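Sequential numbering of the sequence shown, starting at -4, is according to this note's numbering.
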Amino acid sequence: MSEDLGTPVLDDHLHLDPAHARGMDAVEDFARLGGTHLLVVNKPSWHLGVEADEPADFRAVFEETISVVAEATELLRGRAWPVLGVHPGLISRLVDDRGFAPEEARELMCGGLDVAAEYVADGRALALKSGRPHYDVDDAVWAASNDVMRHAFELGADLDCAVQLHTETTDDLTEVASWAADAGMPAERVVKHYASGSLVGPTPSVMCEKDWLVTAAERGDPFLMETDYVDDPDRPGAVMGPKTVPRRVRWLLEEGYDDAVALAHVETPATVYGIDTVATLD
């Protein structure tokens, strides 16, 4: 029997891979402890065996994610949504391993985002994912990566949708948020995945470290909570498990952070993604 924490409980960023890893067993773990809603981000394309040569090649990755989300929704008191895009680490795979010029990699990745945008436009996906490498790269790759991210913001502005970012570790992405604003996209609809509680610029999707959550809760600014669960059989302990968000919500409530829980799981999802986590509970 699933625990009811008296609130919607959203994990803002995780991956599911029923074909190769735990898949729906992970969703059941999340739901049993009181989790109600998931944002499922497509795994990096090459992790699913897709070595893209043209933008249409990403479609198989997106279709698989949409199918996984439908399965997950059947197990939740709330529902799941897909977040689709091109992992920024792909640029290194293209340039270093496959001999692409940075400009060629940029065009392929922007084309993949265009394909992801089709799914947002027809209502089959909720948001886009983009970003830039979290590790050192040369200037040409960095510039190309920033161009890809700016393209994602242009699509987000056109579609009126959120963009989740995978970036370097930092507490200050005000410049990136300004790029989104320049593209016509509200900065609060840019979400930094794997964020600390003190990020400025985009909306932080805070990893569920207790100290980071307390920082976010006491700031009182909009934030989300995530695990970045990778669902990879070769990395069973990587990042955080699917039970973590509901466990941390229970802990926050016990510590008296009721307003912060409502902010992270009801108010911020509505502002950033336009979703109603209360109305979508069964």
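We put the beta carbon where it would ideally sit given N, CA and C, even for glycine.
Being a predicted model, the structure only gives us computed values, none of them experimental.
Selected residue, minimal CA-CA separation from residue i, among the options
| i | options | result |
| --- | --- | --- |
| residue 130 | 161, 146, 39 and 155 | 161 |
| residue 244 | -3, 29 and 270 | 29 |
| residue 199 | 128, 251, 236 and 157 | 157 |
| residue 39 | 52, 76 and 180 | 52 |
| residue 19 | 120, 103, 44 and 67 | 67 |
| residue 58 | 48, 49 and 43 | 43 |
| residue 341 | 104, 24 and 7 | Residue numbering for the chain in the displayed model covers -4 to 277; residue 341 lies beyond these limits and cannot be assessed. |
| residue 190 | 171, 166 and 122 | 166 |
| residue 106 | 71, 74, 150 and 250 | 150 |
| residue 70 | 97, 33, 202 and 98 | 33 |
| residue 205 | 125, 194, 240 and 195 | 240 |
| residue 108 | 97, 88, 83 and 95 | 83 |
| residue 186 | 148, 97 and 111 | 148 |
| residue 26 | 75, 98, 92 and 16 | 75 |
| residue 61 | 111, 92 and 94 | 111 |
Residue i - containing alpha helix (DSSP H), residue span
| i | result |
| --- | --- |
| residue 41 | No alpha helix (DSSP H) contains residue 41, which DSSP labels as neither H nor E. |
| residue 28 | Counting along the chain, residue 28 falls outside any alpha helix (DSSP H), and DSSP gives it neither H nor E. |
| residue 58 | 54 to 70 |
| residue 243 | 239 to 249 |
| residue 99 | 97 to 116 |
| residue 265 | 263 to 268 |
| residue 256 | 253 to 257 |
CB contact flag (residue i, residue j, <9 Å)
| i | j | result |
| --- | --- | --- |
| residue 267 | residue 184 | yes |
| residue 217 | residue 263 | yes |
| residue 292 | residue 226 | As shown, the chain starts at -4 and ends at 277. That puts residue 292 outside it, with no answer to give. |
| residue 50 | residue 119 | no |
| residue 86 | residue 132 | yes |
| residue 222 | residue 5 | no |
| residue 235 | residue 224 | yes |
| residue 345 | residue 45 | What is shown of the chain runs -4 to 277, which leaves residue 345 out entirely. |
| residue 136 | residue 90 | yes |
| residue 152 | residue 175 | yes |
| residue 261 | residue 272 | yes |
| residue 121 | residue 48 | no |
Host beta strand (DSSP E) of residue i (start-end)
| i | result |
| --- | --- |
| residue 80 | 75 to 80 |
| residue 9 | 5 to 9 |
Contact belief for residue i with residue j at Cβ below 8 Å, rounded distance in angstroms
| i | j | result |
| --- | --- | --- |
| residue 63 | residue 13 | 6 Å |
| residue 212 | residue 247 | 7 Å |
| residue 145 | residue 178 | 7 Å |
| residue 72 | residue 276 | 6 Å |
| residue 123 | residue 194 | In fact, because the Cβ distance is near 19 Å, the residues do not count as touching under 8 Å. |
| residue 192 | residue 210 | 3 Å |
Test: residue i CB closer than 9 Å to a CB of chain C
| i | result |
| --- | --- |
| residue 207 | The displayed structure is made up of one protein chain only, and chain C is not part of it. |
For this session: Go through the region 122 to 155 residue by residue and report every complete run of the alpha helix (DSSP H) that reaches 4 residues or more, in order.
Result: 134 to 154
Exercise. Which runs of the alpha helix (DSSP H) fall wholly inside the region 154 to 235 and span at least 4 residues, in chain order?
Worked result: 169 to 177 and 205 to 214
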